[in-house]
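Let me begin by presenting the structure, written as structure tokens, before commenting on it.
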DNA sequence: TTCCCCCCGTTGCAAATGCAACATCACCCT
DNA sequence: AGGGTGATGTTGCATTTGCAACGGGGGGAA
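Residue numbers (this note's numbering), protein chains in the order written: chain A, 1 to 212; chain B, 213 to 424.
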């Protein structure tokens, strides 16, 4: 229970209290089983306690396409629940044996002064988690919005440099993962990095980059 | 005040009450003036009452890059405020003369049973607005994630067809806007649409499309 | 050490795409 | 009708990029 974003700064006894108040339930899903099917009703904020999930879109012809993985501590499908989407547009599947906590959204919004100690924090944490996901997606969108590979790379590296306030940075990706994030071919990425080095724009070694 | 997403389903007297309770303030910005500068403090949920804003990133060399426009009824910078980002990473500028409502975020989370009628709705609306923006961005990300123009087009059209449950659809874009959304060249988009028609995949006229 | 494997860089080539310039078309105004 | 204007389609061309194949280097295991 320690690393659950939604319960950040909440004391154990407060968590106990809110689980009861919200009529929370838990369930364990075995590896490969479907947690939420496309079209099924969405009423709860769902949290991964242990394990890992994949979220997939499902085409008309039935083929699935993984768009995201969710690990322990994070909630999922929160966007749909909060946005008022009643039936799931995605399939959620357990990648390993996975324990999940279900918190009815309706009850989260029943306000009582007497329980506001934890409720204020819970709501604040939920806002933070949804908003942070928004920032992550936006950041990647801005990268993908760039036309050329070089622009994508520079935009990405600069945004990180901005964040940490230095021009020597370390990225959390291998080349292959970096190519996936930038949505370009791995070899094309290597080629362009090489060109940018020749042009005196960057220096790099493994996942450490320096901007000039 | 009618079309403000944040005040959806709230009665006028409830809005009056909450404006007072939250210590809301308003301010008018003239065309071209800076509403929020990069680096300035973010404490309030901001809502456009009338007018239009642009949100821009600012490079180290000072050049600005518009990433979004915000029109009346929508809130902005909500992501940063809710995510706990204290200082603005973007510049917000008035495109026309624009009136803005500022709602201190801290006070939104002060829970009182006595005022919960409007507070519950307000919080629910805020969740909905942030989450809906997530869904919009995610949808576009999935499109941009496709490799070829043809895949981008099909993914986009299919996602809309999925939504409305028909294979004849109408999109909210002109060609130029569509090209912008798909992040491709306008003429390249026209060419590919033409090719797809030849290949018997789609039929189209203006912004109406039919999928086969 | 030697072998093996994985990650990364390099390169030739073909296909996709951006770019620019021009052609058409639809629509509005007079 | 005529002309003007803005949106869309078309096309040639140069560039970018994906793809596939190969090579080198580092690290782990026997």
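The beta carbon of each residue, even a glycine, is placed where N, CA and C say it ideally should be. These figures come from a predicted structure and were not determined experimentally.
Buried or exposed (CB count within 10 angstroms, at least 16 for buried), residue 224 of chain B: Here residue 224 of chain B corresponds to residue number 12 of the second chain, with the count starting at 1. Answer is exposed; the Cβ neighbour count stays below 16.
Residues near residue 264 of chain B by beta carbon distance below 8 Å, same chain, minus five either side: By one-based count along the second chain, residue 264 of chain B stands at place 52. Only 281, 282, 283, 284, 306, 307, 308 and 310 meet the Cβ criterion.
Residue 23 of chain A at chain B interface by Cβ criterion, 8 Å: In the first chain, counting from the first residue as 1, residue 23 of chain A sits at position 23. Not one chain B Cβ lies under 8 Å of residue 23 of chain A.
Burial state of residue 403 of chain B (16 or more Cβ within 10 Å): Here residue 403 of chain B corresponds to residue number 191 of the second chain, with the count starting at 1. It counts as exposed.
Backbone secondary structure at residue 100 of chain A - three-state DSSP: The residue you call residue 100 of chain A lines up with position 100 of the first chain. Reduced to three states, the DSSP call for residue 100 of chain A is strand.
Segments assigned beta strand (DSSP E), at least 3 residues, entirely inside the stretch 217-258 of chain B: 237-241 and 246-248
Any 3 or more C-beta pairs closer than 8 Å across the stretch 339-349 of chain B and the stretch 71-91 of chain A: yes
When A/39, A/28, A/64 and A/42 are compared against residue 50 of chain A, the one with the closest alpha-carbon: The residue given as residue 50 of chain A occupies position 50 in the first chain. For residue 50 of chain A, the nearest C-alpha among the options comes from A/28.
Inter-stretch contact at 8 Å, needing at least 3 Cβ pairs: the stretch 311-319 of chain B / the stretch 230-246 of chain B: yes
Contiguous alpha helix (DSSP H) assignments of at least 4 residues, all confined to the stretch 159-187 of chain A: 175-182
CA-to-CA distance, residue 287 of chain B to residue 242 of chain B, given in whole angstroms: Taking the second chain and counting its residues from 1, one reaches residue 242 of chain B at position 30. Taking the second chain and counting its residues from 1, one reaches residue 287 of chain B at position 75. Cα-Cα distance, rounded: 18 Å.
3 or more residues per run - each beta strand (DSSP E) lying fully within the stretch 79-149 of chain A: 91-94 and 98-104
Between the CA atoms of residue 334 of chain B and residue 220 of chain B - distance to the nearest angstrom: As a working mapping, residue 220 of chain B is identified with position 8 in the second chain. As a working mapping, residue 334 of chain B is identified with position 122 in the second chain. Their backbone Cα atoms lie some 8 Å apart in a straight line.
Residue-level contact to chain A via CB, residue 339 of chain B, 8 Å cutoff: Reading the second chain from its first residue, position 127 is the one you call residue 339 of chain B. Yes, its Cβ sits closer than 8 Å to a Cβ of chain A.
Local conformation of residue 3 of chain A per DSSP, three classes: Sequence index remark: in the first chain, residue 3 of chain A carries index 3 (1-based). Three-state DSSP puts residue 3 of chain A in coil, outside helix and strand.
Bridge partners - residue 212 of chain A, DSSP secondary structure assignment: Walking along the first chain from the start, residue 212 of chain A turns up at place 212. BP columns for residue 212 of chain A are empty, so no partner.
Beta-carbon proximity check, residue 383 of chain B vs residue 421 of chain B, cutoff 8 Å: The residue given as residue 383 of chain B occupies position 171 in the second chain. The residue given as residue 421 of chain B occupies position 209 in the second chain. Cβ distance < 8 Å, so residue 383 of chain B and residue 421 of chain B count as in contact.
Contact under 8 Å by Cβ, residue 373 of chain B with residue 381 of chain B: Residue numbering aside, residue 373 of chain B sits at position 161 when the second chain is read from its first letter. Residue numbering aside, residue 381 of chain B sits at position 169 when the second chain is read from its first letter. Yes, the pair counts as a contact, with Cβ atoms nearer than the cut-off.
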